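If you count the sequence shown from 1, position 187 lands on 287 in this note's numbering, and the numbers rise without skipping. Quick reminder that beta carbons are idealized off the backbone N, C-alpha and C, glycines included. Predicted model only: the values in this text are computed from it and were never measured. See structure below.
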Amino acid sequence: MVTAAALVLGAAGPAVAREARLPPPLDLFSKKPPKLRGTIHSRAIPLPQPRPAEAPKAETDKAESDQAEPEAAEKSAGPGKKAEPPPPSACRLALTEEIAIAPSVPDIKGPGGCGGEDLVRLEAVVLADKRKVAVKPAAILRCKMATAIADWIRSDIVPIAAGLGSQLSDLDNFDSYECRGRNRIAGALLSEHGRANALDVRAFRLANGKSIYLTDRTVARELRESVLHSACARFSTVLGPGSDWYHEDHIHLDAAERRSNYRICQWNVWDPLPQVAPLLPAGRPEEAPPREVAAKSEVPAKPQAEKSEQDEPEAEEKPAPAKPKPTKKRR
Ligand SMILES: [Zn+2]
101 MVTAAALVLG AAGPAVAREA RLPPPLDLFS KKPPKLRGTI HSRAIPLPQP RPAEAPKAET
161 DKAESDQAEP EAAEKSAGPG KKAEPPPPSA CRLALTEEIA IAPSVPDIKG PGGCGGEDLV
221 RLEAVVLADK RKVAVKPAAI LRCKMATAIA DWIRSDIVPI AAGLGSQLSD LDNFDSYECR
281 GRNRIAGALL SEHGRANALD VRAFRLANGK SIYLTDRTVA RELRESVLHS ACARFSTVLG
341 PGSDWYHEDH IHLDAAERRS NYRICQWNVW DPLPQVAPLL PAGRPEEAPP REVAAKSEVP
401 AKPQAEKSEQ DEPEAEEKPA PAKPKPTKKR R
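Structure (structure tokens):
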């Protein structure tokens, strides 16, 4: 038998015999895509049986789904399904109606990086005695910034205002969310207002109708300094008079996050202007009678130098007496 089989193989040739037993060599260096092995791919892969309804919930599945809740909720939502809103943030949960009237508003996705998430409309700050300090108009802010404002009013501004003979009633909101560059300059870096992370405060109003403008030089210096120190302790940016030309009539507060917690506190509490200020002379009205000095300058007793100085403005005024000289703007 053995010899017979050997003879048959020998007759067919050694090459044929090798091909019959071995698979074709792998063509590793060919650029052609590899051929798929039909037998494997056509075979149906048995899927696991669906879990019967009466089966107890698998422990492992539960633990996993609990851990990866937000991501899983988004991923499982197919194109047809609407993604479930994310769970409320820790800030949102902490900013209760005991602290502020601040309903959540939808996220804003504006142009050029404008907008923000976890936004609220800060309508009023609720004080410990349940009284409310209205934010007028209501401010659109990130939850964290709204919380910082509420804490500032409750802990700092109410005690500061306590000595004013009336209760705090409103915060005069000059600007909150606004998609714009810094200082409203087109092309400038995005303002924190564009991130809903800033509030411009102009004044506080009291229940007796009086307003306390924070940049008013006639408001007690001590009061303005107290507000300044409290603001700079809480907000990463405080800009007021003296910081730049844009903050002469309001105080800018924001919660910008910078490297190494760098903070900016620029607000010069100016002294009131003197009662008799060395003002520039007002423009001469058209109906004014001729100047006395013109007649005096004719007096020969006057020194020559002084005379010529007084003559010059008179000469200038003659061609256009109706036009008052522009006075320097004071801010
Ligand atoms: Zn501002």
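Taking all protein chains shown into account, decide if Asp354 is buried (16 or more other Cβ within 10 angstroms of its Cβ) or exposed. buried
Any contact of the stretch 250-259 with the stretch 279-293, i.e. 3+ C-beta pairs under 8 Å? no
Backbone secondary structure at Tyr346 - three-state DSSP: helix
How big is the Cα-Cα spacing for Glu171 and Ala238? A caution first: Glu171 carries a pLDDT of 47, below 50, which makes its placement in the model unreliable, though a value can still be read off. In a straight line, the C-alpha of Glu171 is about 33 Å away from that of Ala238.
The alpha helix (DSSP H) enclosing Glu198, as first and last residue numbers: Unbroken run through Glu198: none, as it is neither H nor E.
Compare the Cα-Cα distances from Val301 to each of Arg282, Arg284 and Asn273 and report the closest residue. With respect to the C-alpha of Val301, the residue from Arg282, Arg284 and Asn273 having the closest C-alpha is Asn273.
So is the beta-carbon of His329 under 7 Å away from any non-hydrogen atom of ligand 1? no
Locate the alpha helix (DSSP H) running through Ala286, then write down its first and last residues. Unbroken run through Ala286: none, as it is neither H nor E.
Between Ile351 and the rest of its own chain, which residues show a CB-CB distance below 6 Å, the 5 nearest in sequence each way excluded? Val301, Leu314 and Gly340
Starting from Ser269, trace the beta strand (DSSP E) both ways and give me its first and last residue. Leu268 to Asp275
Drop a sphere of 10 angstroms on the beta-carbon of Thr196, count the other beta-carbons inside from all chains shown, and report buried for 16 or more, exposed for fewer. exposed
Touch check for the stretch 314-328 and the stretch 198-205: three-plus C-beta pairs under 8 Å? no
Coarse secondary structure for Ser326, derived from DSSP in three states: Here DSSP, grouped into helix, strand and coil, assigns Ser326 to helix.
Looking at the structure shown, is Cys365 part of a helix, part of a strand, or coil, going by DSSP? strand
8 Å Cβ cutoff met for Ala200 and Ala250: yes
How would you write the range of the beta strand (DSSP E) that Ile351 sits in, first residue to last? Ile351 to Asp354
Cβ shell of Ala190 (< 8 Å), same chain only, five flanking positions each side left out: none
Do you know offhand how far Asn368's Cα is from Asp349's? 12 Å
Residue range of the beta strand (DSSP E) that includes Ala190: Element bounds for Ala190: not the beta strand (DSSP E) but the alpha helix (DSSP H), Ala190 to Ala194.
Can you find the residues in the same chain that come closer than 8 Å, C-beta to C-beta, to Asp270, ignoring five residues on each side of it along the sequence? Val233, Ala234, Val235, Lys236, Phe304 and Arg305
For Arg242, which of helix, strand or coil comes out of DSSP? The answer is strand: DSSP assigns Arg242 an E or B state.
Quick check: does the Cβ of Ala275 come within less than 7 Å of any heavy atom belonging to ligand 1? Just to set this straight, residue 275 is Asp in the shown sequence, not Ala. Checking every heavy atom of ligand 1 against the Cβ of Asp275, one is found closer than 7 Å.
Please name the residue or residues paired with Ala303 in a DSSP beta bridge. Asp272 and Tyr313
Euclidean distance between Cα positions of Asp275 and Leu299: 6 Å
8 Å Cβ shell around Pro211 - same chain, five flanking residues per side excluded: Cys279
Just to confirm, are Gln366 and Ala307 a CB contact at a threshold of 8 Å? no
Mind checking Val338: buried by the 16 CB within 10 Å criterion, or exposed? buried
Using only alpha-carbon positions, find the residue among Gly265, Arg334 and His329 that is nearest to Gly309. Gly265
In the structure shown, what three-state DSSP assignment does Ala234 receive? strand
Kindly indicate which three-state DSSP category Ala250 falls into: helix, strand or coil? helix
When the Cα atoms are used, what is the spatial distance from Tyr277 to Pro372? 32 Å
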